[in-house]
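Colleague: Going by the numbering used here, the first residue of the sequence shown is number 49, and it counts up by one from there. All C-beta atoms in this analysis are idealised placements derived from N, C-alpha and C, irrespective of residue type, glycine included. This is the structure, below, for whatever I ask next.
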Amino acid sequence: MASDCPSIDRMRFDVGEFALDAPLVPFDGVPSLAPRRTVLDTVLVEAARASGAEVREGFLVHELVRDEDGRVTGIRGGPGSATVEQARMEIGADGQHSLVARSVDAPAYQERPPVSCGYYAYWSGLPTSGVEAHTRRGRLAPVCRHVGHAVRTQA
Ligand SMILES: Cc1cc2nc3c(=O)[nH]c(=O)nc-3n(C[C@H](O)[C@H](O)[C@H](O)COP(=O)(O)OP(=O)(O)OC[C@H]3O[C@@H](n4cnc5c(N)ncnc54)[C@H](O)[C@@H]3O)c2cc1C
Numbered sequence: 049m050a051s052d053c054p055s056i057d058r059m060r061f062d063v064g065e066f067a068l069d070a071p072l073v074p075f076d077g078v079p080s081l082a083p084r085r086t087v088l089d090t091v092l093v094e095a096a097r098a099s100g101a102e103v104r105e106g107f108l109v110h111e112l113v114r115d116e117d118g119r120v121t122g123i124r125g126g127p128g129s130a131t132v133e134q135a136r137m138e139i140g141a142d143g144q145h146s147l148v149a150r151s152v153d154a155p156a157y158q159e160r161p162p163v164s165c166g167y168y169a170y171w172s173g174l175p176t177s178g179v180e181a182h183t184r185r186g187r188l189a190p191v192c193r194h195v196g197h198a199v200r201t202q203a
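And the structure:
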């Protein structure tokens, strides 16, 4: 709600020969929303900061720091690579290609080879008030209403 995104009021699933179209009703008073990642991330970061978390933007972790037993005791990084932060526990929340996971040889599980790919584009002026999915010849093209734009993906 803090994103000021327009609510998504309808959902349409179009398979070519016919289409299913239905209203999306709010859940617990909250409508469906699809904020852009940059918008959502900013809302989350500001909420974390307001809750007392120290947020350092533009800070890149270069490597883990270990003690003589090999136990991870912190990280080295920064805008340069000189800053060392020590911690009793480190959480690697650095995404799909996590440096932290690689550095500690974390075992991978539930791995699947890629079977598809997607393309994103932002369009203004598309006549949609909700989220749509169009399937044609084995491809799926969702269209979703955004702040001032619609985003279209294809896979
Ligand atoms: C195009 C696209 C559309 C998606 N749509 C949806 C959707 O509709 N619904 C859904 O549920 N999921 C969706 N996902 C999946 C979802 O985005 C991910 O599952 C989710 O973001 C993973 O969260 P995460 O916190 O593990 O990693 P991330 O969100 O990737 O966050 C990792 C963070 O760590 C930072 N980082 C990485 N390395 C370092 C480093 N060395 N030092 C400092 N910082 C570092 C990155 O900059 C990033 O900010 C989508 C993904 C993509 C790519």
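1) Given this structure, state the Cα-to-Cα distance separating residue 150 from residue 136, to the nearest angstrom.
2) What separation, rounded to the nearest whole angstrom, lies between the Cα atoms of residue 180 and residue 87?
3) Under three-state DSSP, which class holds residue 112?
4) If I follow the unbroken alpha helix (DSSP H) through residue 163, where does it start and stop?
5) Skipping 5 residues on each side, what residues in its chain have a beta carbon closer than 6 Å to that of residue 120?
6) In three-state DSSP terms, what is residue 187?
7) Please identify the residue among 58, 168 and 109 whose C-alpha is closest to the C-alpha of residue 204.
8) In terms of residue numbering, what span does the alpha helix (DSSP H) encompassing residue 94 cover?
9) Is residue 144 near ligand 1, judged by its Cβ being under 7 Å from some heavy atom?
10) Report the rounded CA-to-CA distance for residue 191 versus residue 78, giving the unit in angstroms.
Modeller: So, from the listed chains and residues:
1) If you number the sequence shown from 1, residue 150 lands on position 102. If you number the sequence shown from 1, residue 136 lands on position 88. Distance between the alpha carbons of residue 150 and residue 136: 19 Å.
2) Position 132 of the sequence shown holds residue 180. Position 39 of the sequence shown holds residue 87. C-alpha separation (whole angstroms): 21 Å.
3) The residue labelled residue 112 in the question sits at position 64 within the sequence shown. In the structure shown, residue 112 sits in a strand (DSSP, three-state: E or B).
4) Against the sequence shown, residue 163 aligns to sequence position 115. Unbroken run through residue 163: none, as it is neither H nor E.
5) The sequence position of residue 120 within the sequence shown is 72, counting from 1. Around residue 120: 112, 114 and 138.
6) The residue you call residue 187 lines up with position 139 of the sequence shown. Strand.
7) For residue 204 there is no data in the structure shown, the boundaries of the chain being 49 and 203.
8) Counted from its first residue, the sequence shown places residue 94 at position 46. Residue 94 -> alpha helix (DSSP H) spans 85-98.
9) Against the sequence shown, residue 144 aligns to sequence position 96. Because some heavy atom of ligand 1 lies under 7 Å away, the Cβ of residue 144 counts as near it: yes.
10) Residue 191 sits at position 143 when you count from the first residue of the sequence shown. Residue 78 sits at position 30 when you count from the first residue of the sequence shown. Distance between the alpha carbons of residue 191 and residue 78 is about 21 Å.
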